[in-house]
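With the sequence shown counted from 1, adding 33 to any position gets you the numbering used here. Here's the structure we're looking at; comments come further down.
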Amino acid sequence: MSVEEIWVSKLEYDQYLLFKKYLNDLKERVDIEKRCVIEDDENAKMFYVNNPSGYPHWDTSKARDLLKKDAENKLHKKMIMKQMQKKRKENMVFPAEVFARRLCGFWFTWKKPKGNDKAFQTSFGQQIEELQLF
34 MSVEEIWVSK
44 LEYDQYLLFK
54 KYLNDLKERV
64 DIEKRCVIED
74 DENAKMFYVN
84 NPSGYPHWDT
94 SKARDLLKKD
104 AENKLHKKMI
114 MKQMQKKRKE
124 NMVFPAEVFA
134 RRLCGFWFTW
144 KKPKGNDKAF
154 QTSFGQQIEE
164 LQLF
């Protein structure tokens, strides 16, 4: 249907003197929105091609640096893992088990005794309990 046909199709439309302009503006906005949706879909496809697990790579994420800062501030001793993960939106893109493994990685790097691997292995379970991951 043309703009003219739409405008005369209902009596209520007569009150809008700029009906043609409004309809054309609406069509233009819808076209822009469609282009944005297509672009978002393409970006999402590329994301999943590059990240088959469904979440970003840890080494290149902002969550890694933020978690390191939080751990340096000893927040892992004040909060359980769920609280630390919910603290920042960057952490929430990772599943809980992935975030927990990364938190453990930072924590054990600091707790591991130098040159004493056997002591580290025997205290591993105890350190996990101290973390109160879940």
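Idealized CB from N, CA, C, for every residue including glycine. All values derive from a computational prediction rather than experimental measurement.
Starting from residue i, follow the alpha helix (DSSP H) in both directions and report where the run begins and ends.
| i | result |
| --- | --- |
| Leu-99 | 95 to 105 |
| Val-126 | Looking at the DSSP string, Val-126 is not in any alpha helix (DSSP H), and its letter there is neither H nor E. |
| Tyr-81 | 52 to 83 |
| Glu-38 | 36 to 42 |
Decide if residue i is buried, meaning its Cβ has at least 16 other Cβ atoms within 10 Å, or exposed.
| i | result |
| --- | --- |
| Gln-116 | exposed |
| Asp-103 | buried |
| Pro-109 | Strictly speaking, residue 109 in this sequence is His, with Pro absent from that position. Flag for His-109 reads buried. |
| Gln-118 | buried |
| Trp-143 | For Trp-143, the pLDDT reaches just 45, beneath the cut-off of 50, and the residue's location in the model is therefore unreliable, although a value from the coordinates is still provided. It counts as exposed. |
| Tyr-49 | exposed |
| Pro-146 | Interpretation of Pro-146 is limited by its pLDDT of 46, a score under 50 that renders its predicted location unreliable; no figure is taken from the coordinates. |
Anyone know if the C-beta pair for residue i and residue j falls short of 7 angstroms?
| i | j | result |
| --- | --- | --- |
| Lys-53 | Val-41 | no |
| Leu-136 | Met-114 | yes |
| Glu-123 | Lys-101 | no |
| Phe-127 | Tyr-88 | yes |
Assuming residue i and residue j make a contact with CB atoms under 8 angstroms, what is their CB distance in whole Å?
| i | j | result |
| --- | --- | --- |
| Arg-134 | Leu-99 | Not quite, the Cβ-Cβ distance comes to about 16 angstroms (not below 8 angstroms), so this is no contact. |
| Ile-39 | Leu-56 | 7 angstroms |
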